[in-house]
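*Asks:* One structure, pasted below without further comment.
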Amino acid sequence: MEPLRVHITAYGCQMNRLDAELADDLLRAAGAEIVDDPAEANVLVFLTCSVRAHAENRAFSNIGALAERKTREPDLVVGLVGCTAQQYGPEVWQRAPLVDFICAPGRLADLSDLVREARAGRRSVALDPGRGKEEREAFGESDARIDAVEVRGRRRVGRSRQAFVRAMRGCDMFCSYCVVPNVRGPERSRSPAAVAEEVQRLVDRGVREVTLLGQAVNRYRFEEAGRAWDLADLLEKVAGTPGLRRLRFITSHPKAMTARLASVFRDVPLLCPHLHMPAQSGSDAVLERMNRGYTAAEYAERVAMVREAAPQVAVASDFIVGFPGETREDFEATADLARRMRFASGFVFKYSPRPGTLAAQKYPDDVPQKEKERRHRQLLDLISEIASEENQAFVGRRVEVLVEGLAPRPHLDGGPERGMQKGWKQWRGRTPCHRLVVFDGPPFGGAPFGSEPQGRRQGRPDLAGELVTVRIDRAGPITLFATLLENGS
Ligand code: SAM
Ligand code: SF4
637 MEPLRVHITA
647 YGCQMNRLDA
657 ELADDLLRAA
667 GAEIVDDPAE
677 ANVLVFLTCS
687 VRAHAENRAF
697 SNIGALAERK
707 TREPDLVVGL
717 VGCTAQQYGP
727 EVWQRAPLVD
737 FICAPGRLAD
747 LSDLVREARA
757 GRRSVALDPG
767 RGKEEREAFG
777 ESDARIDAVE
787 VRGRRRVGRS
797 RQAFVRAMRG
807 CDMFCSYCVV
817 PNVRGPERSR
827 SPAAVAEEVQ
837 RLVDRGVREV
847 TLLGQAVNRY
857 RFEEAGRAWD
867 LADLLEKVAG
877 TPGLRRLRFI
887 TSHPKAMTAR
897 LASVFRDVPL
907 LCPHLHMPAQ
917 SGSDAVLERM
927 NRGYTAAEYA
937 ERVAMVREAA
947 PQVAVASDFI
957 VGFPGETRED
967 FEATADLARR
977 MRFASGFVFK
987 YSPRPGTLAA
997 QKYPDDVPQK
1007 EKERRHRQLL
1017 DLISEIASEE
1027 NQAFVGRRVE
1037 VLVEGLAPRP
1047 HLDGGPERGM
1057 QKGWKQWRGR
1067 TPCHRLVVFD
1077 GPPFGGAPFG
1087 SEPQGRRQGR
1097 PDLAGELVTV
1107 RIDRAGPITL
1117 FATLLENGS
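Be aware that the sequence shown starts at 637, since it is given in the numbering used here, and climbs by one per residue.
In structure tokens form, the structure reads like this:
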């Protein structure tokens, strides 16, 4: 049989990006070569997202487009992995008959078995248990298998030396619009020892920045030897990892934000001052229908509590516009909350009814598409305007940046007319508060952002993964433009 050559496509959130890295690790351990070009692969793995119809449709349409190739290459294996796999199970075959295997997010450890079966001409499905009574126990075995891969695997460390580490799986919040509790199962927190060991192993292999992941990560709870750990305890433990330079966590639920967690921003210097805590709406009536469990005033109190403990924290939010029954006044209340909170950044999504959710069953999707688009634009513009004003405070400041790689395309104010040194390139990176910074710096071998290190190999300076100091010269709504002062490490 031909050697395995696998291409992985991931859609959606950070959890999926992490799952893609684990899939890469698992399949390499099974002898596969991971290829960048899907045309060179004999196995195509799609890590799908079901949060909005758009992401789901994109995956199905990309899979559908393979029909002709599959006729030409009958041995080509196509796997559908992740949230969409769990959402539809074998019904996937009605929509995408050319798929060879279907694998739920919690069954990632079975990936190489599924590929082997498919190559032997057998279709297979690996799903998670449902959300029945003994759900937590039922997930135990598959969690333990993937935990072993997470902790002791050899997943690739990217050039930016950043890594995601799972603190929790699943979600119990049941926001009325959201598929995640159905497709990623009940909340399960990982043991502090497993998280800490994984972080230490990653740091030993060159990682400098770790982001702890969970859908409502501030609900982290782990009981062990009579001690109950919360996220604040976990952050303090992980921050003690020798060699770790930066620590983050996402995503926080406003209902679970505590004064103790806010104090960690003040007391743990390694913890980056960035809090992603989605408000979703500023209207109490909409928040109630969303089943978010707080009012706009309570949300504002939580933000004030964090800012009182640590004023430097940049707060970021997600919003859904056009939720069923959202009136013009409801939308104005959301805009008003955004104005008062002065978010550093925000994602705005148009409501998308999802099968199996309470909102899709109970509330008609009654805000016209055109109006959703108008509100989407209006809120994005408002968030940008506020972020741009907030960003002006950075002009003239020296900040530390973890360099992620070369900027994918030149920015408007780059180039020799700005006094850029001959042959220099534009680099991009992040401040501790997660703002994007672009600056000019020495060139290297030339691979674009996101690709493998070439600079080091060629003996020329590669700034990716370095912590550098820059001075901010100019600020836009998303990007801070800077001058490189020193390469600190
Ligand atoms: N657990 C995280 C949270 O609570 O924020 C992330 C959940 S989800 C993957 C990311 C964002 O997608 C949510 O914050 C929400 O704004 C948005 N979202 C989820 N379901 C949606 C839907 N049905 N329609 C539109 N946006 C949705
Ligand atoms: Fe979905 Fe709400 Fe859970 Fe986030 S907290 S994953 S929005 S149910």
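Just so you know, even glycine gets a beta-carbon here, dropped at the ideal spot from N, CA and C.
1. Are the segment 785 to 797 and the segment 749 to 764 touching by the rule of at least three beta carbon pairs closer than 8 Å?
2. Based on the DSSP output, what are the partners of Arg641 in its beta bridges?
3. With H, G and I counted as helix, E and B as strand and the rest as coil, what does DSSP make of Val815?
4. If I'm right that Leu1116 touches Arg1066 with Cβ under 8 Å, what's the distance once you round it to whole angstroms?
5. Would you kindly work out how many angstroms separate the C-alpha atoms of Ile956 and Asp1001, rounded to a whole number?
6. How would you label Arg925, buried or exposed, when you count the other beta carbons within 10 angstroms and need 16 or more for buried?
7. Is it the case that the segment 932 to 944 contacts the segment 985 to 993, given that we only count it when at least three CB pairs across the two stretches are under 8 Å?
8. Tell me the DSSP secondary structure of Ile1114 in three-state form.
9. What is the DSSP secondary structure of Gln635, reduced to helix, strand or coil?
10. Buried or exposed for His690, going by 16 or more other Cβ atoms inside 10 Å?
11. Any heavy atom of the ligand SF4 closer than 7 Å to the Cβ of Pro960?
12. Which complete alpha helix (DSSP H) runs does the segment 866 to 949 hold, if anything under 4 residues is left out?
13. Please report the distance separating the alpha-carbon of Thr887 from that of Val853.
14. Would the C-beta of Pro914 count as close to the ligand SAM, meaning under 7 Å from any of its heavy atoms?
15. Helix or strand or just coil, what does DSSP make of Thr970?
16. Compute the distance between the beta-carbons of Val1106 and Phe1075, then report whether it is under 8 Å.
17. Taking C-alpha atoms, which residue in Glu860, Arg902, Val922 and Arg882 lies nearest to Glu968?
18. Quick check on DSSP: helix, strand or coil for Met977?
19. Please report how far the alpha carbon of Met651 lies from the alpha carbon of Gly850, in whole angstroms.
20. Give the C-beta separation of Val815 and Val687 to the nearest angstrom, bearing in mind that I take them to be a contact with Cβ-Cβ under 8 Å.
21. Between the segment 873 to 889 and the segment 826 to 837, are three or more C-beta pairs nearer than 8 Å?
22. For the ligand SF4, I want to know if Ala852 counts as a neighbour, meaning its beta carbon is within less than 7 Å of at least one of the ligand's heavy atoms.
23. How many angstroms separate the CA atom of Phe959 from the CA atom of Gln1005?
24. Using 10 angstroms around the beta-carbon of Phe800, count the other beta-carbons present and answer buried if the total reaches 16, otherwise exposed.
25. Does the distance from the C-beta atom of Arg881 to that of Glu845 stay below 8 Å?
26. Take every Cβ of the segment 738 to 750, pair it with every Cβ of the segment 711 to 728, and state whether three or more of those distances are shorter than 8 Å.
27. Can the beta-carbon of Ile699 be found less than 8 Å from the beta-carbon of Ala732?
28. In this structure, how does DSSP classify Phe985 when only helix, strand and coil are distinguished?
29. Do you know how far the Cα of Thr993 is from the Cα of Pro1113?
30. Which residue or residues does DSSP assign as beta-bridge partners of Ala1043?
31. Pull up the distance between the alpha-carbon of Glu934 and that of Asp779, whole angstroms please.
*Replies:* In short:
1. These segments do not touch.
2. Counted from its first residue, the sequence shown places residue 641 at position 5. Bridge partners of Arg641: Glu669.
3. Position 179 of the sequence shown, counted from the start, is the residue given in the question as residue 815. Of the three classes helix, strand and coil, the one that applies to Val815 here is coil, per DSSP.
4. If you number the sequence shown from 1, residue 1116 lands on position 480. If you number the sequence shown from 1, residue 1066 lands on position 430. The C-beta separation of Leu1116 from Arg1066 comes to about 10 Å, leaving the pair out of contact by the 8 Å criterion.
5. Translated into the one-based positions of the sequence shown, residue 956 becomes position 320. Translated into the one-based positions of the sequence shown, residue 1001 becomes position 365. Approximately 13 Å, taken between the alpha carbons.
6. Looking up residue 925 in the sequence shown gives position 289. It is buried - the Cβ of Arg925 has at least 16 other Cβ atoms within 10 Å.
7. Result no; under three Cβ-Cβ pairs closer than 8 Å.
8. Reading the sequence shown from its first residue, position 478 is the one you call residue 1114. Annotated three-state conformation of Ile1114 is coil, per DSSP.
9. This structure cannot settle anything about residue 635, because the visible part of the chain is limited to 637 through 1125.
10. Here residue 690 corresponds to residue number 54 of the sequence shown, with the count starting at 1. With fewer than 16 other Cβ atoms within 10 Å, it is exposed.
11. Here residue 960 refers to the residue found at position 324 of the sequence shown. Not one heavy atom of the ligand SF4 is found less than 7 Å from the C-beta of Pro960.
12. Runs found: 867 to 875, 895 to 903, 920 to 925 and 932 to 945.
13. Position 251 of the sequence shown holds residue 887. Position 217 of the sequence shown holds residue 853. Cα to Cα, the separation comes out at about 6 Å.
14. The residue you call residue 914 lines up with position 278 of the sequence shown. Taking 7 Å as the cut-off, one finds at least one heavy atom of the ligand SAM near enough to the beta carbon of Pro914.
15. As a working mapping, residue 970 is identified with position 334 in the sequence shown. Thr970: helix per DSSP, three-state reduction.
16. Position 470 of the sequence shown holds residue 1106. Position 439 of the sequence shown holds residue 1075. Against a cut-off of 8 Å, the Cβ pair of Phe1075 and Val1106 comes out as a contact.
17. Taking the sequence shown and counting its residues from 1, the one referred to as residue 968 is at position 332. If we check each option's Cα against that of Glu968, Val922 comes out closest.
18. Position 341 of the sequence shown holds residue 977. In this structure, DSSP gives Met977 a helical state, which the three-state scheme calls helix.
19. In the sequence shown, the residue the question calls residue 651 occupies position 15. In the sequence shown, the residue the question calls residue 850 occupies position 214. Rounded to whole angstroms, the gap between the alpha carbons of Met651 and Gly850 is 8 Å.
20. Walking along the sequence shown from the start, residue 815 turns up at place 179. Walking along the sequence shown from the start, residue 687 turns up at place 51. Contact annotation, Val815 with Val687: C-beta distance approximately 6 Å; criterion of less than 8 Å satisfied.
21. Touching, yes.
22. Position 216 of the sequence shown, counted from the first residue, corresponds to residue 852. Within the cutoff, so yes.
23. The residue you call residue 959 lines up with position 323 of the sequence shown. The residue you call residue 1005 lines up with position 369 of the sequence shown. Their Cα atoms are separated by approximately 11 Å.
24. Residue numbering aside, residue 800 sits at position 164 when the sequence shown is read from its first letter. With a 10 Å radius around the Cβ and a threshold of 16 neighbouring Cβ atoms, Phe800 comes out buried.
25. Within the sequence shown, the letter at position 245 stands for residue 881. Within the sequence shown, the letter at position 209 stands for residue 845. Remark: C-beta atoms of Arg881 and Glu845 approach each other more closely than 8 Å.
26. At 8 Å Cβ cutoff, the stretches touch.
27. Residue numbering aside, residue 699 sits at position 63 when the sequence shown is read from its first letter. Residue numbering aside, residue 732 sits at position 96 when the sequence shown is read from its first letter. Going by C-beta atoms, Ile699 is nearer than 8 Å to Ala732.
28. Numbered from its first residue, the sequence shown carries residue 985 at position 349. In the structure shown, Phe985 sits in a strand (DSSP, three-state: E or B).
29. The sequence position of residue 1113 within the sequence shown is 477, counting from 1. The sequence position of residue 993 within the sequence shown is 357, counting from 1. Taking the CA atoms as reference points, Pro1113 sits about 35 Å from Thr993.
30. Residue numbering aside, residue 1043 sits at position 407 when the sequence shown is read from its first letter. In DSSP, Ala1043 forms no bridge with anything.
31. Position 298 of the sequence shown, counted from the first residue, corresponds to residue 934. Position 143 of the sequence shown, counted from the first residue, corresponds to residue 779. Rounded to whole angstroms, Glu934 to Asp779 spans 35 Å at the Cα level.
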